[in-house]
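Numbering (my numbering), first residue to last: 652 to 778.
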């Protein structure tokens, strides 16, 4: 069984994607940036705050699918400046210190908007 979760963003229909998809006991969460429900960027030039906001946003969609951060098996962090890894890592560690999912932090040239410093996607597996 497949269930798609929507954020309501107009881009979902234009690009053809879902905020998250649950198939069986696996939830995949699409790349998530630090934008609030009105489309405003949270934490301009603050890598720590953007990371924290994104993980909280991911946590909400996981809960909709019947999961928690404890179910996260993998995180992927796409960052625009790898030299700020401590800032991203500090926020990631606050949520995942005891869970310790597999993770990647990959420097990319840019994200969908110049104000975004990080984009995160996750895979969660419900026990």
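Ideal Cβ positions, reconstructed from N, Cα and C, are used throughout, including at glycine.
This one's a predicted model, so the numbers in the text were calculated from it and none came from an experiment.
Quiz item: Does DSSP put residue 718 in a helix, in a strand, or in coil?
Solution: Correct three-state label for residue 718: coil.
Quiz prompt | Unbroken alpha helix (DSSP H) run spanning residue 742, endpoints | solution = 736-747
Quiz prompt | Residues bridged to residue 656 (per DSSP) | solution = 671
Quiz item: Which partner residues of residue 689 appear in the DSSP bridge assignment?
Solution: None; residue 689 has no bridge partner.
Quiz item: Which residue comes first and which comes last in the beta strand (DSSP E) that contains residue 754?
Solution: 753-758
Quiz item: Run through DSSP, which three-state label would residue 774 get?
Solution: strand
Quiz item: Between the Cα of residue 684 and the Cα atoms of 778, 773 and 777, which residue gives the shortest distance?
Solution: Checked all of 778, 773 and 777; the closest Cα to residue 684 is 773.
Quiz item: Are there three or more Cβ pairs, one per stretch, closer than 8 Å when the region 656-667 is compared with the region 718-737?
Solution: no
Quiz prompt | Same chain only: Cβ atoms within 7 Å of residue 746, ignoring 5 sequence neighbours per side | solution = 706 and 720
Exercise. Check whether the Cβ atoms of residue 725 and residue 753 sit closer than 7 Å, and answer yes or no.
Key: yes
Practice problem: Output the boundary residues of the beta strand (DSSP E) element that contains residue 761. | Solution: For residue 761, there is no enclosing beta strand (DSSP E), since its DSSP letter is neither H nor E.
Practice problem: Give the straight-line distance between the Cα atoms of residue 775 and residue 759, rounded to the nearest whole angstrom. | Solution: 24 Å
Practice problem: Return the CA-CA distance between residue 742 and residue 711, expressed in angstroms with no decimal places. | Solution: 17 Å
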